[in-house]
Each structure stands twice: as structure tokens, then as C-alpha cells.
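Trainee: Starting off with a structure, shown below.
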Amino acid sequence: MATPSGEPADAFASYVALQTQALDIVREACSGREELVQRIADLELELNVWKDAQRKEVALRENALRALHALEDSERLAVCLIDGDACLFNRQLIARGRDGGRDAAQALQKHIAELASKTSTGNGKPTVICQVWFNKQGLSRVFQEMGIASDATFSAFIQGFNQAHPLFLMTDVGGLKEACDAKFRETLRMYARMMACKLLVLGCSSDGGYAHQLQSLKTEALDWKVHLIRSSEVAFAIKQLAIQEVEFEDLFERKKLIVSMPHTSSSSLSSMPTAVAGPSELKWSASTLSSVPKTPKKGTAAAASNATPSVSTGSNAGVAFTPVTATKRVKDKAPISDKENGFIKITGKLRAIDPKKPLSRQNPPPCNIFYLIGECTRGDSCPYAHDYRLSAQNIATLRVDAKKSACYTVTKGRPCTDPLCVAGHACPAGLACKFGSTCKFPASMHPNGKFIKKGTRSPESSGYDTESE
1 MATPSGEPAD AFASYVALQT QALDIVREAC SGREELVQRI ADLELELNVW
51 KDAQRKEVAL RENALRALHA LEDSERLAVC LIDGDACLFN RQLIARGRDG
101 GRDAAQALQK HIAELASKTS TGNGKPTVIC QVWFNKQGLS RVFQEMGIAS
151 DATFSAFIQG FNQAHPLFLM TDVGGLKEAC DAKFRETLRM YARMMACKLL
201 VLGCSSDGGY AHQLQSLKTE ALDWKVHLIR SSEVAFAIKQ LAIQEVEFED
251 LFERKKLIVS MPHTSSSSLS SMPTAVAGPS ELKWSASTLS SVPKTPKKGT
301 AAAASNATPS VSTGSNAGVA FTPVTATKRV KDKAPISDKE NGFIKITGKL
351 RAIDPKKPLS RQNPPPCNIF YLIGECTRGD SCPYAHDYRL SAQNIATLRV
401 DAKKSACYTV TKGRPCTDPL CVAGHACPAG LACKFGSTCK FPASMHPNGK
451 FIKKGTRSPE SSGYDTESE
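The opening position of the sequence shown corresponds to residue 1 in UniProt numbering, with each subsequent residue numbered one higher.
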């Protein structure tokens, strides 16, 4: 009997092998399913957590914005800060006493409210706040000397101003140095950073000492809310900041107040009345310094009286004292003509220099910038003195000494374009310079652009041995 063929057995074996491979493939494919399912579940949970956090953040942001808008709409502040020694109210208002003070407050409130409505957004009228700091004793004596108002009338003006509005206040800070400045600066710093404060009206433009703080506001981009009251002449340092100004017509003095004082000798300036008491720095105007004549000859009384400069004082410009001879005292107490411009305030006494020491050895030395130009931008922070009584010869000495310091611009290789620069633009010793490369003037500020070699002085030679910088 024939043996069955082996082909069916081989086919079955192949079939079993293929099924086994297919089963392995399916088993391998399904082995990671549970892991994938768990991973998907974890990701969905994490996504829900982030969605929930995002919804909470959106809700918080919307609530904060609603609160901010509510704050802006419900309370807006318009703040007026005035240095009363520098920015004086109109003399006609002061002369009217209580009624004048009340009218001044009402007019100021009206002007500030109108300005706030033009410069800021929001619903409703802003809350207007005004603070004025001043030296009452000093200003009162000045007003009496000029025949503007008695002490009682000035006191009545202050009372009328304070009673006219619950948020308007005139405060007597006395005659202490920088008492007014300190209160003004700290209050300005507080309101400038307050979100609710949308307007700052400042009466301080005649005092260059405030320039630094105003510059800080510009740096912090807060100057958009600042307006300077246009009263007397704006200080040079503040004018350079180009801060917007506002004028309140007939509310503040636009003219200089000049008070005559007796002058019998060269030391009478030290005995001037404490009209605007307080040892603030004394200032001489640039025009005064440039016009001080030399010591007159004997017998020329008129020349002697002209040789005495008018004294303008203080970091706040408010009142000027003009010395007169003892034989020519001013008897007429009527107000000075309106032809005078600007404000200058006197708040202390001039002091004499020590004749045994050169100007550079005084303690402290006089400020070159102040006496030669007429204004020091550093104000109260200046380490040099502004209150010496200097003669024309002293001023000439200061001018020579100032040339011994190299101009910073020229030392950097740039031409100096400042017409008021008092520093030296070349070594004052010239070819006679004996310091060589140690000279504080660079080589470019010496003849031929080179240092003069030490120990080489030959007047007969056309040139000197030099060494490069």
C-alpha cells in the first residue's frame, strides 16, 4: 500500500507557524496599551489643572481692572504745592487781608480744577489740595517795609486763605534753613508717586534748588502730571528742563519786590534786618557782580554808594534788598514801581572773608560758578559758600583762579560752546609750565599740543623741549 504524501503535513506546520507569529505581533501591540491609556489620563488631568488656574488668573485680572477703574473714577487728586517764599501772592490780594486770602484760595481752586479737567481723564470733579509753606516773620517785615500790608493784615490774609477751603493750608515754617524746602520736597515726592494724583501744580520755578528733584520726575516719566506756576523769572536750571508752565492771571506777583535798607559802611550788609529771617544762602545777581566798580576814591560819596551792589538772596527768589547811604534813607513806604522784574529773596546775612587767607583757603571757599555766573545749579548741595561779601577785586581773583581748572569739555577733546564757562581752556602757565606730564591740564591744552619738559626754560629760544603726552 502506498505511503501518503507529506505535503499536507508541511502545509499545516506552516499554517501553525504563521498563526503563532501573528499572535506574537498582536500580543506585542497590545502590551503597551494600558500604559498609553494611563498616560493619556494623566495628561488630561494636568490639562484640567492648568485650565482651572488660567480661569482663576483671568478672574483676578478682571477684578483688579474693575477696582482700578473704580478708583480712577471715584477719586482724582489735583495737588498744588507752593514755596511761599519764592512764589508770592499778588500784593493787592495780601493788602485786602482776610477777604484777599479768601479770594486767592477761591481763584486758585477754580484755576486748578479747570486745568485738571483739561489735562486728565475720568468722571467727576477732582479733589483739589493746596499747601503753601513760608516764613511768616520774614515776609511780614518785607510787606511792612514796602507798605503793602501790616503784620495784622498779612495774618488776616493767611486766615482767610485757610478758612476758604478745608484742604487749603498756609503753614509758617519759621526761618530755619531749608525748612520750607524740606517740606516741599518730601510732599512732592509723596504725591508724585500716588496713582490717584493726576495733576501737580508747583510754585517753585524761581528756585534752582528744586531742579534736581524735577529732573528725577522726568527720569521716572512722571513729569506729564507736573505744571509750574509762572510767577517770577524762572531759574536757569529749571528752565532747561522744559517742564510745562501755567499762568494764573492776577493771582501771583510777576514783579520783583525791592526793599531799601540802610548802608553806612562796608560791614553794614552783615547788620541787615532779618526781613526774611533764616540763614538761607545769599545770592548776588550776575548783573550786579559784573557792574561792581572798584573802590572809589576819597570824597566821592556818590561813587561809594554806587559801589555797593544790591543783594539778592536765598535759593528761593522772592525779595531784593538795595542798600542806600545813611544820609539817604527811604522814607516813602509805597510799593515799588511795577517796572521791576523777577523775584529775589533775602534770608540771611552776608559774611566777610578772612583777610589772612586767600580765597581758595576760606572755610569753605567761595563758589566760582555762583559768583562768576550768578547761579549755582547745585543749590544747597554745593560744598562751596554762596554767602561771602566779596569786593570787585575778590571777584577778579576768583575769575583768575577759575581759569586754573581745566574745562571738562576741552579735556575730552571737544570744543567748549558754553559762553558762560569760567574754566580754563589752556594751561595758564603757557610755555612757562613747570609741571611737565604731571600738569592737570592735558598736553592738548599746552602750546604746540605737548607738555613742557621740566627744567627747560629758555626765553631766547623760539621753542621749548617737549615730551609727548
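For each residue, glycine too, the CB sits at the ideal point set by N, CA and C.
It should be emphasised that the depicted structure is a prediction, and the values quoted were computed from it without experimental measurement.
What distance in whole Å lies between the Cβ atoms of Lys255 and Leu241, which are believed to be in contact at a cut-off of 8 Å?
Mentor: Actually they are not in contact, since the Cβ atoms of Leu241 and Lys255 sit about 24 Å apart, beyond 8 Å.
Trainee: With 16 as the cutoff for other CB atoms within 10 Å, does Cys30 come out buried or exposed?
Mentor: Label assigned to Cys30: exposed.
Trainee: Which of helix, strand or coil does DSSP assign to Lys218?
Mentor: Lys218 falls in the helix class under three-state DSSP.
Trainee: Can you give me the start and stop residues for the alpha helix (DSSP H) that Gly101 sits inside?
Mentor: Arg98 to Thr119 is the extent of the alpha helix (DSSP H) around Gly101.
Trainee: Taking Leu251 as the reference, give the member of Ser216, Lys225, Gly203 and Leu167 with the closest Cα.
Mentor: Residue Gly203 is the option with its Cα nearest to Leu251.
Trainee: Which whole-angstrom value is the C-beta distance of Asp83 and Phe184, which I expect to be below 8 Å?
Mentor: Yes, they are in contact, since the Cβ atoms of Asp83 and Phe184 sit about 5 Å apart, within 8 Å.
Trainee: Classify Phe248 as helix, strand or coil using the three-state DSSP reduction.
Mentor: Three-state result, Phe248: coil.
Trainee: Using DSSP bridges, identify the partner residues of Tyr449.
Mentor: Correcting the residue identity first, residue 449 is Gly in this sequence and not Tyr. Paired residues: none, contrary to the question.
Trainee: Within 10 angstroms of the Cβ of Met170, are there 16 or more other Cβ atoms? Answer buried if so, exposed if not.
Mentor: The residue in question, Met170, is buried, as its Cβ has 16 or more Cβ neighbours within 10 Å.
Trainee: Alpha carbon to alpha carbon, how far is Gln92 from Gln362?
Mentor: Their backbone Cα atoms lie some 44 Å apart in a straight line.
Trainee: Using three-state DSSP, classify Ala9 as helix, strand or coil.
Mentor: It is helical.
Trainee: Run through the DSSP bridge pairs and tell me what residue 555 is partnered with.
Mentor: This structure gives no information on residue 555, because the portion of the chain shown stretches from 1 to 469.
Trainee: Is Pro428 closer than 9 Å to Lys404 when the C-beta atoms are compared?
Mentor: Yes, the Cβ-Cβ distance between Lys404 and Pro428 is below 9 Å.
Trainee: Any beta carbon of chain D sitting closer than 9 Å to that of Ala179?
Mentor: Among the protein chains of the structure shown there is no chain D, as only one such chain exists.
Trainee: Apart from the five residues on each side of it in sequence, which residues of its chain come closer than 8 Å, Cβ to Cβ, to Glu245?
Mentor: Around Glu245: Ser205, His227, Leu228, Ile229, Arg230 and Val234.
Trainee: Classify Phe12: buried if its beta carbon has 16 or more other beta carbons within 10 angstroms, exposed otherwise.
Mentor: Phe12 is exposed by the Cβ-count criterion.
Trainee: Taking DSSP's pairing of strands, which residues face Trp133 in a bridge?
Mentor: DSSP output for Trp133 lists Asp83 and Thr171 as bridge partner(s).
Trainee: How about Leu77 and Cys180: do their beta carbons lie closer than 9 Å?
Mentor: No; because the gap between Cβ atoms is not below 9 Å, this pair is not in contact.
Trainee: Are the Cβ atoms of Lys225 and Leu199 separated by less than 9 Å?
Mentor: The answer is yes: Cβ separation under 9 Å.
Trainee: Just how far apart, CA to CA, sit Phe370 and Lys450?
Mentor: If you take the alpha carbons of Phe370 and Lys450, they lie about 33 Å apart.
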